[in-house]
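Numbering-wise, the working numbering puts 601 at position 146 of the sequence shown, and it's gapless, one number per residue.
Beta carbons are placed, not taken as given, at the ideal position from N, Cα and C, and that holds for glycine.
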Amino acid sequence: MIRSWIAARFRKSEMPLRVADVPRASVPAPAPSLLGGWPKAIGPSDPVLLGIVLALIAFGVVMTFSASAVFASQRFHDGHFFLVRQAIFAGIALPVMIVVSRIDYHLLRPLTYPILGVTIALLVYVALGFGHSAGGAARWIAIGPFHVQPAEVAKVAMILWLAYSLSKKQEAIRTFKVGILPHLLVMGFLALLCLRQPDFGSAVMICVITFVLLFAAGAKVGPILSMVLAGAGLAVLLVISSPYRMRRVEAFLDPFGHRQDAGYQVAESIIAFGSGGATGVGIGDSRQKLFFLPEAHTDFVSAIIGEELGFVGIALLVLAFVLIVVRGVRVAFRAADDYGSFLAIGVTMFVGLQAFTNLAVAMGMVPTKGLVLPFVSYGGSALLVNAAAMGLLLNVSRPREGDETATSESTQTGNARASAPSGFRTIEGGAA
């Protein structure tokens, strides 16, 4: 039945299947719970997803030390400087992820606008020039010895708001005035605040996440495609009008021809990947981190991974992020409601796109964007935000009352019970 419905859907629209197109069967309302009537969680989070994230965080601490020890000794006279700080961030990130994964995600709905408002205030504060500057950009707010990057928070805040708004507007999502325009206005405002820092990479990421969620919600393809093309044209104009962005594009096209200026970091990164060969030179034995590749523990940590662990290490790293995307999409289709599905899609795209963009930049496949490698690159605010985002995804992955998936799993263990079908889960759960 499901296969025939999917085939009919493709023949009818000649468009890819979207989450919002999956029909939902009528199900009895769940019994009221302590969480305002929302289905109560009755099972654990996705163990595969949790295991991958924990492994990446631990791996990030190890690689931060390997990539930064020499630089930290020279700059701070302490080879463990970045290791200690990243370990502290990881120690905070883990309980944050666990707490977020345990508190029902529906409780975030009334907090959507306060979170978005605080995020906008932080972005405005940085955009007005009051932020901490580094590398020619004012992207951080100094809080004691730590620096918070509001643009990272903005991506998750945008996901929360889009999930809340789109789940409320399912009946009007195909109208431009109600279903598309408000989301484009908020997206544009946040993107402009990011560009003011300047942070072109975060601005692009916010736009991409918005378009993906609009498409998943069932918005008309025509207006979305028009906005994508308009956004691409605007991005080209922004690049052309900015000398430093043009230098990045030129360095991308010919990194070794600009090795003495804008292409230096990319050229050294490519050398690092090439030096690693199949199995790498061994953990701690990278040569590029010896002041050839600047601050290798941040955006270009994947180059050190490629040099020290070789093609095998990079392949396993890519596989880890592929699994996160696959499990995240699986969670979206199994979610208890539209709100949970949109949260899962947004978080999955947020983590997956940042990871693959970072790897592509380090390999010279796309121009430099300034995006971190989630869970692996050094940075406290990015690690905490990514951990909180994955906590949301783990939260949505938990089986809940009336969840057909949980019922089928119980049936396999000998505890069969009746369950109402759910449109998001029948695709993943099997034929109806």
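Assignment of beta-bridge partners to I598 by DSSP yields F601.
Inside the stretch 727-813, DSSP marks whole alpha helix (DSSP H) runs of 4 or more residues at positions 756-789, from first to last along the chain.
Here R703 carries a helix assignment [DSSP, helix/strand/coil]. Out of A837, R789 and K675, the CA that lies nearest to the CA of V603 is found in A837. Take the alpha-carbon of G712 and the one of A706: they are about 8 Å apart. The residue among A576, A548, V816 and A787 with its C-alpha nearest the C-alpha of C649 is A576. Linking V781 to I800 through their CA atoms gives a straight-line distance of about 11 Å.
A direct Cα-Cα distance of roughly 16 Å separates S556 from I779. Below 8 Å, too few C-beta pairs join the stretch 499-510 and the stretch 520-531 to call them touching: fewer than three.
The beta carbon of S832 is closer than 6 Å to those of T753 and V756 in its chain, skipping five residues each way along the sequence.
Contact annotation: A843 and V551 have beta-carbon atoms nearer than 8 Å. Taken in chain order, the complete alpha helix (DSSP H) segments of 4 or more residues contained in the stretch 674-703 are 676-695.
Rounded to whole angstroms, the gap between the alpha carbons of F670 and I635 is 10 Å. The DSSP-derived three-state label of R540 is helix. Here V691 is exposed: its Cβ has fewer than 16 other Cβ atoms, across all protein chains shown, within 10 Å.
In this structure, L839 and F544 form a Cβ contact; the two beta carbons are roughly 7 Å apart against a cut-off of 8 Å.
Straight through space, the alpha carbons of V516 and L538 are spaced by roughly 7 Å.
With respect to Y580, G572 sits apart: the two C-beta atoms are not nearer than 8 Å.
Under the three-state reduction of DSSP, R629 is assigned to coil, being neither helix nor strand. Non-local beta-carbon contacts of I725 in its own chain, meaning distances under 6 Å to residues more than five positions away in sequence, involve G819 in chain order.
Beta-carbon to beta-carbon, G732 and L764 are separated by about 10 Å, too far to satisfy the 8 Å threshold. Less than 8 Å separates the beta-carbon of G835 from that of F601.
If the five residues before and after S741 are omitted, its C-beta is found closer than 6 Å to the C-beta atoms of I759, E762 and E763, all from its own chain and listed in chain order.
The beta carbons of A582 and Q652 sit about 6 Å from each other, so the pair counts as a contact at 8 Å.
According to the DSSP assignment, H638 belongs to the alpha helix (DSSP H) that extends over L636 to L650. Counting only the Cα atoms, A609 lies some 19 Å from L562. In the structure shown, R855 falls within a strand segment according to DSSP collapsed to helix, strand and coil. Bounds of the alpha helix (DSSP H) holding I661 are F655 to A672. Closest in alpha carbon position to M518, among R714, R594, P698 and Q541, is Q541. Collapsing the DSSP output to three states places F514 in a helix.
Under the 10 Å beta carbon count, A687 is surrounded by fewer than 16 other beta carbons and is classified as exposed. The residues V555, Y560, L798 and V802, in chain order, have a CB closer than 7 Å to that of L847 in the same chain once the five nearest residues on each side in sequence are set aside. Rounded to whole angstroms, A790 and G825 show a C-alpha spacing of 33 Å. Of the candidates G718, R564 and K744, K744 places its Cα closest to the Cα of S730. Look at G846 here: in three-state DSSP terms it is helix.
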